[in-house]
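To start, the structure under review is shown below, and the notes come after it.
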Amino acid sequence: MTAEDTAPFRWDLVTPSQLGSLLDGAAPPDLWFVDDLVECAGKVLARSGNGDLVFVGRSLDSMFDLLGGALGGHPDRRRLLRLPFSFQRGGAGSGRRWRRRPLTGAEVSEARRIMAAVGLTPHALARRDRPVTFVDVVYEGGTFTELFALIRDWVEQERETWPAIRRKLRFVGVTVRRETSPHTYRWQQHTPWTRQLPAKAVVNVSLEPSVWAYLGEYQPKLTRSFRPEHWVAETPGPNRDERTGPALAEAAALVARGRDRAGRRALARAIGNEPALAQPWLRALVTELNNG
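Per the numbering used here, the sequence shown runs over residues 1 to 292.
In structure tokens form, the structure reads like this:
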């Protein structure tokens with residue numbers, strides 16, 4: 001069984017030859033959230049440190065689709081990847097004493113195999129030219145914490161050079177937009193592992209609360225949840241239930257939004273006020289988006 005057999009199926013919407021007639025007769029989706037999504041996606045790009053973006057889990061599939069349309073023809077072949085892991089699993093105890101069970105050896109091995117399939121081994125991380133930037137919605141940072149531990153343990157086992165790898169890792173958390181104050185909760189300040197990375201390697205982009213909740217909790221998804229017990233089991237094919245059609249139409253519309261001139265220029269405007277615009281790579285990207 002290969003990693004491709006195990007990871008949940010998702011249609012390729014950027015080169016959609018496999019869609020066939022699936023969208024025939026589909027009602028136009030209500031993209032009520034798209035302006036907020038575009039603004040957030042532009043800021044994620046700007047704060048990525050020029051990294052290849054790896055979307056963790058399913059919550060930001062809509063951002064993956066939007067950027068897939070917008071960056072599909074970008075000359076530097078910036079990579080957009082999905083790492084569909086969910087770390088949700090059972091545990092023991094109650095209240096503050098509740099703890100998730102540890103990952104089994106088989107689950108860790110399969111997680112590594114799936115990461116290897118998208119070029120995220122310790123050997124590859126140590127030798128890549130561009131950083132890898134993990135992106136996910138964040139509340140307390142639990143998914144990023146478990147993903148970091150998975151990578152760190154693997155690096156130690158493989159005896160790769162951690163000082164080189166730590167400079168290649170970035171994390172962008174999409175958080176709920178709140179009024180800022182000295183008492184505002186910032187997840188990365190309460191998460192010890194973030195101090196193992198360089199300054200500014202862990203950053204946030206805020207998103208309007210209703211959009212954050214829709215993407216992270218309520219939006220119908222094209223892929224099944226991929227929890228640890230699923231990592232070691234053969235995953236069935238694509239969903240074909242009554243929610244698949246509307247979800248597929250929404251995803252395809254977001255790819256189209258990223259492809260069209262208005263969508264690309266809106267992304268460029270979202271980047272325009274970011275401090276990183278002083279960097280040549282981001283100025284070049286904005287120029288490409290505006291000229292597309």
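Cβ coordinates follow ideal geometry from the N, Cα and C atoms, glycine included.
query: Closest to Ala213 by CA distance: which of Val203, Leu80, Val176, Thr184 is it?; result: Val176
query: Among Leu169, Pro192, Pro220, Thr223, which residue has its Cα nearest to the Cα of Pro198?; result: Leu169
query: Would you kindly work out how many angstroms separate the C-alpha atoms of Leu71 and Phe134, rounded to a whole number?; result: 17 Å
query: At which residues does the beta strand (DSSP E) containing Arg170 begin and terminate?; result: 169–176
query: Is the beta carbon of Pro122 sitting closer than 8 Å to the one on Val155?; result: yes
query: Would Trp231 be called buried (16 or more neighbouring beta carbons within 10 Å of its own) or exposed?; result: buried
query: Residue range of the beta strand (DSSP E) that Phe134 falls in?; result: 132–137
query: Where does Asn290 fall in DSSP's three states?; result: helix
query: Give the DSSP-derived three-state secondary structure of Ser210 in the structure shown.; result: helix
query: Given a cut-off of 8 Å, decide if Arg243 and Pro220 are closer than it, judged by their beta-carbon atoms.; result: yes
query: Name the DSSP beta bridge partners of Ala92, please?; result: Arg99
query: May I ask you to report which of helix, strand or coil DSSP gives Arg82?; result: strand
query: Can you tell which of Leu277, Leu66, Glu250 has its C-alpha closest to the C-alpha of Pro293?; result: The displayed coordinates of the chain run from 1 to 292. Any statement about residue 293 would go beyond what the structure contains.
query: What does the Cβ neighbour count give for Ser210, buried or exposed, with the cut at 16 atoms within 10 Å?; result: exposed
query: In terms of DSSP beta bridges, what is Asn204 paired with?; result: Gly173
query: Going by C-alpha to C-alpha distance, which of Ser48, Val203, Arg58, Asn50 sits closest to Glu217?; result: Arg58
query: Excluding sequence positions up to five away, which residues of its chain have a Cβ less than 6 Å from the Cβ of Asp52?; result: Arg79, Arg130, Val132
query: Skipping 5 residues on each side, what residues in its chain have a beta carbon closer than 7 Å to that of Gly292?; result: Arg261, Arg264
query: Just to confirm, is the Cβ distance from Leu31 to Gly68 under 8 Å?; result: no
query: In chain order, which beta strand (DSSP E) runs of at least 3 residues are fully inside the region 25–61?; result: 52–56
query: Closest to Leu289 by C-alpha separation, out of Gly42, Thr15, Ala26, would be which residue?; result: Gly42
query: Spatial neighbours of Glu274 within its chain, please: CB distance less than 6 Å, with the 5 preceding and 5 following residues excluded, ordered by chain position.; result: Ala46
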